[in-house]
Amino acid sequence: MYPFWNAAFFATLITALPLLVDSAPSDGLVVRKEWRSLTTVEKSSYIDAVKCMLRKPPLTSKSVLPGVQNRFEDFLGDHIQQANLTHFVSSFEGHFYPFHRLLLWAYEREIRACGFDGGQPYWDWSLDANSTEDFLNSEMWDPDTGFGGNGAYIAGTQDDPAPGVPVTAASFPFNLSDHTGGGCIPDGPFANMTIHMGPGPSTEFNEWCVRRDFVPSQFLLSANSTSVAAAMDQPDFGWFSQQSEMTTHNAGHVGIGGVYGVLTDVWASPGDPLFFLHHANIDRLWWSWQSKNLSTRLTDISGPVVPQDWSNKSGGNVTLDFEVHVGAAGNLTRRIRDLMDIRQPTLGYVYESLY
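Taken in order, the sequence shown gives residues -23 to -1, 1 to 332; the numbers are from mature numbering (1 follows the signal peptide of the UniProt record, and there is no 0).
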């Protein structure tokens, strides 16, 4: 069921890829800032760096990712391949947070190599979750200083979709009948952007546009400060993970992706550049929670190894010595213990503010 979960696959992948630089910048810790804290010049530089990745050739062989077309899609392909391993394992889930921390670190190295002189920005969605008006008018959708807006409306639901349009929300157990978009990104720096793998778990070549399909009700439900506070109040990692993954995490995906949008696709969601700002804030949430009690929370990890192994009988629990992999995106293998403290040289970054 999960064909990539074996040592031979990762051994082949890791030896086939060039090694990504494995150190923090020599000038100290990189600071990750909220998107709206960046200057206009910094925002433009970040967008240019993402476009640089879209122009760069991929590092991954077509034998590993048949559809990969550029460096940006190395990250898309890596997430597609590993989604079955690192998702669907809520209920005291283990390696979802460490995997995405490593993936984001690798992505941050790449945007810096493409000329962005800063840390991976984050999107603090709680600032936009006070009302539908705040959400729809967020600077994040600005065509000049943001990432472009909602797609044109396409009728349908998961149960009764429009003909010929991928239903990226197929894995969600509820209909999003109040979705408001569904078309390709209409404006901004990524207008009509296309990706070449997905939808779903396929890495075969398939060109399709990056769609957005806003669902304000889903966003407001769980991206708000109340949901953040609920996550921050959890006593250990197991409860923190269970509380946050299906609330604040899902809000940023489903609230933007809806029925047809790329961000709702469990596998191909990194096809929307906004994914990396959303997950930077998810990582910031985890670090905020850790920072409340570093003496215990820098070693607090738990959850099943095997997805949906609710009783932990198949693979046992994740431990600090469990290894996570970023293959196609960077040829990296790290023990979770080396990803717990973002200030250490293995990662080397901090956030400008915490929850």
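Don't be surprised by glycine CBs; every beta carbon is placed ideally from N, CA and C. Predicted model only: the values in this text are computed from it and were never measured.
So, using beta-carbon positions, are W263 and Y74 closer together than 7 angstroms?
yes
Which residues share a DSSP beta bridge with P138?
G133
Leaving aside the five residues before and after I131 along the sequence, list all residues of the same chain whose C-beta is less than 7 angstroms from its C-beta, in chain order.
A139, V142, G159, G160 and Y237
DSSP state of residue 369, grouped into three classes?
Nothing about residue 369 can be reported from this structure: the residues present for the chain run from -23 to 332 only.
Starting from E300, follow the beta strand (DSSP E) in both directions and report where the run begins and ends.
E300 to V303
Under DSSP, the alpha helix (DSSP H) around V205 begins and ends at which residues?
S202 to M209
Relative to the C-alpha of R89, which candidate in S40, V41 and V27 has its C-alpha closest?
V27
Decide if T273 is buried, meaning its Cβ has at least 16 other Cβ atoms within 10 Å, or exposed.
exposed
Between the Cα of L197 and the Cα atoms of D277, G229, A168 and G215, which residue gives the shortest distance?
For L197, the closest alpha carbon among the candidates D277, G229, A168 and G215 is that of G229.
Pick out whichever of V187, A106, G96 and L79 has its Cα sitting closest to the Cα of G126.
Selected option, being the one with the closest Cα: V187.
By how many angstroms is the C-alpha of T134 removed from the C-alpha of S154?
6 angstroms
Assign S204 to buried or exposed, taking buried as 16 or more other Cβ atoms, counted over all protein chains shown, within 10 Å of its Cβ.
Under a 10 Å Cβ-count criterion, S204 is classified as buried, with 16 or more other Cβ atoms of the shown protein chains found around its own Cβ.
DSSP has R312 in a bridge; who is on the other side?
E300
Which of the three DSSP states, helix, strand or coil, is assigned to G234?
helix
Would the beta-carbon of A208 fall within 7 angstroms of that of Q195?
Taking the C-beta atoms as reference points, Q195 is found no nearer than 7 angstroms to A208.
Assess contact between the stretch 28 to 42 and the stretch 51 to 59, defined as three or more Cβ pairs (one per stretch) separated by less than 8 angstroms. Is contact present?
With the cut-off at 8 angstroms, the stretch 28 to 42 and the stretch 51 to 59 touch.
Separation of N270 from W185, as counted between CA atoms:
45 angstroms
Beta-carbon separation of V295 and G280 under 7 angstroms?
The answer is yes: Cβ separation under 7 angstroms.
If you draw a straight line from the alpha carbon of residue 389 to that of H77, how long is it in whole angstroms?
A question about residue 389 goes unanswered here, because the residues of the chain that appear run from -23 up to 332.
Looking only at its own chain, which residues have a Cβ that is under 6 angstroms from the Cβ of P193, when we skip the five neighbours before and after it?
T109 and F112
If distances are taken between C-alpha atoms only, which option among T145, S14 and Q97 comes closest to D136?
Of the residues T145, S14 and Q97, the one whose Cα lies closest to the Cα of D136 is T145.
Tell me the rounded alpha-carbon separation between Q46 and P34.
7 angstroms
Range of the contiguous beta strand (DSSP E) that encloses Y326
Y326 to Y328
Can the beta-carbon of R314 be found less than 7 angstroms from the beta-carbon of L331?
Against a cut-off of 7 angstroms, the Cβ pair of L331 and R314 comes out as no contact.
Under 7 angstroms between the Cβ atoms of L324 and W82?
yes
Any idea which residues DSSP pairs P281 with across the strands?
N294
Indicate the three-state DSSP secondary structure (helix, strand or coil) for W185 in the structure shown.
It is a strand residue.
Could you tell me the boundaries of the alpha helix (DSSP H) in which H75 lies?
According to the sequence shown, residue 75 is Pro rather than His. Taken as a continuous stretch (DSSP letters only), the alpha helix (DSSP H) holding P75 covers F73 to A90.
Burial state of T225, where buried means 16 or more other Cβ atoms lie within 10 Å
buried
Could you check whether P166 and I24 sit closer than 7 angstroms to each other, using their CB atoms as the reference points?
yes
Comparing alpha-carbon positions, which option in P212, S22 and S246 lies nearest N227?
S246
Excluding the 5 residues preceding and the 5 following Q267 in the sequence, name in chain order all residues of the same chain whose CB lies nearer than 6 angstroms to its CB.
R274
Quick one: grab the DSSP three-state call for F(-20).
Confidence is the limiting factor: at F(-20) the pLDDT is only 34, short of 50, which leaves the residue's position unreliable and the question unanswerable from this model.
May I have the straight-line CA-CA distance separating H72 from P250, to the nearest angstrom?
23 angstroms
P322 to V8, Cα distance in whole Å?
14 angstroms
I162, DSSP secondary structure in three states
coil
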